């Protein structure tokens, strides 16, 4: 269903992002990898139709860096930062940094792509959120705040862009053994980690477990779905 669809993945070199990039490529999409590291993007060459070096925190460079990006049938926004610290111990700038990287920067990138005609009518946009956006987690005050804000942004954009048949959704993963997993694992003792794993009825996920649902939302099969937060978490939020 995604054959020859032009789809860009921001954060394509990360744990979840690379799984999404590879999955879209296997599905026959013209999958374009977006990321900061030229070396990491080059390593994805066998899993992408093209790649583009872009730094989310340098918007002044976007016009030049993205000028050759073709109009997109789909866009996946998979970027994020996670600091695991108790609220009282967090440095003053922790919340601002989390909101900037997890919400504001990808939102402004999407705005740039919309304003420059890089998002086709009928396109599908998928943000990668987190179950942290719908439930609290000790030590995750900045992260949960940013992911909750992402849901509000998605709901509004789904309404604003519906006239162009552009769909906007979020996929909210639970803990997967990719990307930010190392940072979360480092905060737990072995006993705490064992207990935590048991809280997931289906066990911890892998990046590929997120890639499939993302591909579905990008596909024509999801043409009547917008403004939705698709939770993919191995059942932990209902356990």
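In my numbering, the protein residues as written are 8 to 246. Glycine included, each C-beta is placed from N, C-alpha and C at the ideal position. Since the model is a prediction, treat every value here as computed from it, not as a measurement.
- Around the beta carbon of residue 64, fewer than 16 other beta carbons lie within 10 angstroms, which makes this residue exposed.
- DSSP places residue 47 outside any beta strand (DSSP E); the residue lies instead in the alpha helix (DSSP H), whose first and last residues are 45-50.
- The segment 69-84 and the segment 116-124 touch, with three or more beta-carbon pairs separated by less than 8 Å.
- The criterion of a C-beta distance shorter than 7 Å is satisfied by residue 187 and residue 89.
- Annotation: the continuous beta strand (DSSP E) that includes residue 60 extends over 57-60.
- Considered as a whole, the segment 202-243 harbours 236-239 as its complete beta strand (DSSP E) runs of no fewer than 3 residues, in chain order.
- Per the coordinates, the alpha-carbon of residue 147 lies some 8 Å from the alpha-carbon of residue 139.
- For residue 133, the uninterrupted beta strand (DSSP E) segment begins and ends at 126-135.
- Of the other Cβ atoms in all chains shown, fewer than 16 fall within 10 Å of the Cβ of residue 74; this residue is therefore exposed.
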